[in-house]
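Below is one structure, written out as structure tokens; comments come after it.
In the UniProt record's numbering, the protein residues as written are 1 to 141.
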């Protein structure tokens, strides 16, 4: 099935934003990530791709993406945020944060279960549930 997502440039322009090198690069990193990324993880991925931005530029870029509803913030460890793109159907899933290694894993099946548990007439607009514990890999070691 072909990827029908708009390009980073198209997405930024569709939200009325200035198409900057930082916004395009961060969107591309988030779009290719399979799990939510920390500020540090995003900066590392940018450096691997030959892009470097100062911390303030990166924070402002991430804040703009969150304000526009393009990305979402997930609580991580030590008051650090992790970021991921909002999917086409809205952000309706929970996350598991491993307190040992810091990895954040998407839990797609939790939000539908929560929505099904709502009282009659209620509807779920957004799920922001973060479960904390140890991942399978850390439990094995």
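The C-beta atom is built at its ideal place from N, Cα and C for all residues, glycine as well.
One or two residues paired with residue i in a DSSP bridge
i, result
"residue 105", "96"
"residue 23", "For residue 23, which the question treats as bridged, DSSP gives no partner whatsoever."
"residue 133", "98"
Whole-angstrom distance between residue j and residue i, CA atom to CA atom
i, j, result
"residue 13", "residue 19", "7 Å"
"residue 138", "residue 54", "33 Å"
"residue 16", "residue 65", "12 Å"
"residue 75", "residue 81", "5 Å"
"residue 56", "residue 136", "35 Å"
"residue 116", "residue 105", "22 Å"
"residue 59", "residue 45", "15 Å"
"residue 9", "residue 24", "6 Å"
"residue 96", "residue 51", "29 Å"
"residue 1", "residue 27", "Low confidence applies here, because residue 1 scores a pLDDT of 46, under 50, leaving its location unreliable; read the following figure in that light. So the two alpha carbons sit approximately 22 Å from each other."
Neighbour-count burial assignment, residue i, 16 or more Cβ in a 10 Å radius
i, result
"residue 122", "exposed"
"residue 131", "exposed"
"residue 36", "buried"
"residue 85", "buried"
"residue 88", "The predicted position of residue 88 is uncertain, since its pLDDT is 48 and thus under 50; no value can be drawn from it."
"residue 118", "exposed"
"residue 98", "buried"
"residue 129", "exposed"
"residue 125", "exposed"
Reduced DSSP secondary structure (H/G/I, E/B, other) of residue i
i, result
"residue 35", "coil"
"residue 118", "coil"
"residue 49", "coil"
"residue 11", "helix"
"residue 41", "helix"
"residue 140", "helix"
"residue 124", "coil"
"residue 86", "coil"
Near the ligand NAD: residue i beta-carbon under 8 Å from a heavy atom
i, result
"residue 68", "Looking at this structure, you won't find the ligand NAD or any other ligand, since it has none at all."
Check your understanding: Where in the region 55 to 84 do unbroken runs of the alpha helix (DSSP H), each at least 4 residues long, occur, reported from the N-terminal end onward?
Key -> Correct list: 55 to 67.
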